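Below you'll find the structure, written out as structure tokens, and then a few comments.
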Amino acid sequence: MMALTKDEVQKIAHLARLALTDEEVAEYQHQISDILDYVAMLSELDLADLPPTAHAVGHLVAQQNVMRADIVAPSLPMDEVLHNAPQHAQNQFQIQTVLDDS
Amino acid sequence: MSKYEAVIGLEIHAELMTNSKMFCGCRVVDSVEAPPNTAVCPVCLGMPGMLPVVNAQAVEYALRVALALNCTINLHNVFARKNYFYPDLPKSYQISQYERPLGIKGWLDIELENGETKRIGIRRVHMEEDTGKLTHLDGGGSLVDYNRSSVPLLEIVSEPDIRSGEEARAYATRIRQILRYLGVNSGDMEKGVFRVEPNISIRPVGTAAFGTRTELKNLNSFRVLADGTDYELVRQAAVLDAGRQVVQETRGWHEGRRETFSQRIKEEAEDYRYLPDPDLPPLHLDATWVEEVRAALPELPQAKLARYRADFGLSAYDAAVLTEDRTVAEWFETAVSIPPHLNPKTIANWVINELFRLMNESKQSIDDIRVSPAGLVELIGLVEKQTINNNTGKEVLAEMFASGQSGTAVVEAKGLAQISDEAALAATIKQILADNAAMVERYMNGEAKLRGFFMGQVMQATQGKANPKLVNQLLGQALNQAEK
């Protein structure tokens, strides 16, 4: 019932930097709409008195206020830092020029 | 500009001076000086499977700021992911706060040039993480250094209450001073540890709707903030006067041409798709702890300044100079508190006129100097007891500053004690008058200003050590006698 338009699917794809074919757009149009419909079932419930839940386990006391003391721990050695970098130079990650279109 | 009203809001980003990063144990290093990528780990490199854990000290620092800026504190804090693609952000999202920031609805009073006070609203103060740094290569491509990635960052967003470049400067300067008082940020704008970004628009006077805004970035001083903002206001007015539209964009400041230039046009509203970060459970601050942090806040600069004026009788200027830096203010207050409790104005004069001069000349900060508050009080005591005169006092202070010796030790070692021996001074004066009979003659004939010459001769003969009051008195007597 909450059918997304093709444009909305294209926009979501762009935000995720995905290039979709027309067939894929049609497919995702259905899939994403179905997911939204499923989640929309929540709005059938009266949740006025329930505080918003930001985290799956955030309501458990043991999972609240998990913090660490401000203590320095060792960082990675350089060969491990750059190990997975497709390209690097001067101990830095080397990348293609980026046109910022965020 | 008279047809238009400026509407300016400031976003301030300030790194927090913790030892380790916001969500991992990597050391916070000087991102300008440190060798690239030497303080990084899987967490701040955004590697798969990493788990961030909040730095408790960063939360306390952020809380200090939110409290000092009179914010309402949200006890229930949620961290959110702000999604965007840019290589300075290895996770493709920045951990920030969105719906439940730490502080909201704060305010800060600023002083305007006409002496009036204006209250600027503070919309929110929230915690987030800084990003890495890109260096663009001449031949294309960029290098990325992630040392700065995940350094604790505070964002302070004002309401659009600011109306000019000067107000923007006054607000930002005051915020920086408060952060330094709180010991959470060095305020270094050159290194980008403290960054100010104004959002600027104009609207016809008397209208309520906001005009299209531009954002200024990469302003590395308060002067550039004020000049860039004022330039932008004039530019936007000219655009509207020409019947055109202001384009929503990010602009930079060109120092050589002294004008702003377009950096990036924002064609559509940003879509950051904020969502609660599932890696970070909510943070429930204990109300008791919040009150403990509030109680432990230092006296802030504006309260200090008011107290210096009311309790110490200092001028607005002197009080402002002494409260500019918290360490200087505390040094001064220590001096004031030491028996015999000299007049604070006297101490203020010595600090501002003499100590600051010596510090400027030697490029030392108050933390570096070898003169202690007690040392200065002792020295001023020597002057007040007339053991040395005022000018000798200044020389002694310079020597104390250079050698770290006490004032008394310098006076003894150099035989600088003031000569207050009446008989000896009278004899010196008699000799000088006798040696300068012609001058005495001219003085008798009405050249009253020659009295200064005799005074100078006496001071020279005593290497500046004579008690000037006594010399003045004895010289008067001697000249009177000569007249008879």
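Each protein sequence line maps, in turn, to chains S and B. The working numbering puts the first residue of the first sequence at 15, with every later residue one more than the last. The working numbering puts the first residue of the second sequence at 350, with every later residue one more than the last. Glycine included, C-beta positions come from ideal geometry on N, C-alpha and C. Note that the structure is a prediction, hence the values are computed from the model and not measured.
Partners in chain B for residue i, counting only beta-carbon separations shorter than 8 Å
i	result
L29(S)	N432, D620, R622
Q24(S)	Those do not exist, as Q24(S) stays about 13 Å from chain B at its closest Cβ, beyond 8 Å.
Chain S residues whose Cβ lies nearer than 9 Å to that of residue i
i	result
C836(B)	Because chain B spans 350 through 833 in this model, residue 836(B) falls outside it and cannot be assessed.
N423(B)	Ordered by position in chain S, no residue passes the 9 Å Cβ test against N423(B), which lies about 12 Å from the chain.
Local Cβ density within 10 Å of residue i, reported as buried at 16 or more and exposed below that
i	result
F559(B)	exposed
K818(B)	exposed
K653(B)	buried
P385(B)	buried
R606(B)	exposed
H475(B)	buried
K712(B)	exposed
D115(S)	Note on D115(S): pLDDT 47, under 50, position unreliable in the model; the coordinate value appears next. Classification for D115(S): exposed.
D626(B)	buried
I614(B)	exposed
I524(B)	buried
G452(B)	buried
F610(B)	exposed
A407(B)	buried
Q106(S)	buried
S351(B)	exposed
D494(B)	buried
L765(B)	buried
K370(B)	buried
R719(B)	exposed
P553(B)	exposed
Y580(B)	buried
Partner residues on chain B for residue i, Cβ-Cβ distance less than 9 Å
i	result
V80(S)	V402, V403, L629, P630, L632
H8(S)	Given a span of 15 to 116 for chain S in the structure shown, any question on residue 8(S) remains unanswerable.
A103(S)	L486, G490, L492
Neighbour list for residue i in chain D, Cβ cutoff strictly below 7 Å
i	result
G489(B)	Of the protein chains in this structure, namely S and B, none is chain D.
DSSP bridge partner residues for residue i (one or two, in chain order)
i	result
H28(S)	Bridge partners of H28(S): none, in fact.
F107(S)	H102(S), V493(B)
D36(S)	DSSP output for D36(S) lists no bridge partner at all.
I453(B)	T421(B), R473(B)
F610(B)	G601(B)
A815(B)	I768(B)
M708(B)	Paired residues: none, contrary to the question.
L565(B)	R600(B)
M81(S)	V403(B)
S550(B)	V356(B)
K467(B)	I459(B)
Residue from the options with nearest C-alpha to residue i
i	options	result
N423(B)	E640(B), M749(B), D379(B), L646(B)	E640(B)
A415(B)	G455(B), T367(B), T599(B)	G455(B)
A363(B)	I768(B), S441(B), A417(B), L528(B)	L528(B)
A723(B)	R593(B), T683(B), E703(B), V402(B)	T683(B)
Y433(B)	R413(B), S441(B), V677(B)	S441(B)
V506(B)	S513(B), G514(B), D494(B), A521(B)	A521(B)
L624(B)	F705(B), A587(B), Q443(B), L568(B)	Q443(B)
E710(B)	A797(B), Q826(B), A747(B), P689(B)	A747(B)
K317(B)	K814(B), A772(B), G541(B), V389(B)	Outside the modelled stretch of chain B, which goes from 350 to 833, sits residue 317(B), for which no answer is possible.
D458(B)	Q767(B), A678(B), Q651(B)	Q651(B)
L589(B)	Y353(B), L486(B), L782(B)	Y353(B)
A519(B)	G541(B), Q822(B), L574(B), A773(B)	L574(B)
N785(B)	D379(B), R800(B), S686(B), T466(B)	R800(B)
E41(S)	L29(S), V23(S), E58(S)	V23(S)
R572(B)	L438(B), W602(B), E564(B)	W602(B)
A775(B)	T672(B), N569(B), L824(B)	L824(B)
V760(B)	D770(B), S752(B), E771(B), V745(B)	V745(B)
P436(B)	G470(B), A411(B), A429(B), R497(B)	R497(B)
K798(B)	S664(B), Q812(B), L828(B), E477(B)	L828(B)
Q470(B)	V500(B), G488(B), E508(B)	In the sequence on display, residue 470(B) carries Gly and not Gln. Among V500(B), G488(B), E508(B), the Cα nearest to that of G470(B) belongs to E508(B).
R337(B)	K540(B), M399(B), N548(B)	Since the first residue shown for chain B is 350 and the last is 833, residue 337(B) is missing from the structure and cannot be characterised.
Per-residue contacts from residue i into chain S (C-beta, under 8 Å)
i	result
Q406(B)	A83, D84
P384(B)	N105
Chain-ordered neighbours of residue i on chain S, where CB pairs are closer than 7 Å
i	result
T387(B)	S89
V337(B)	Given that chain B is displayed from residue 350 to residue 833, the structure contains no residue 337(B) and the question cannot be resolved.
Contact set between residue i and chain B, taken where Cβ atoms lie within less than 7 Å
i	result
A33(S)	Per Cβ cutoff of 7 Å: no residues; A33(S) is ~14 Å from chain B at best.
Give, in chain order, every residue of the segment 352–380 of chain B whose Cβ lies closer than 7 Å to some Cβ of chain S. T367, N368, S369, G374, C375, R376
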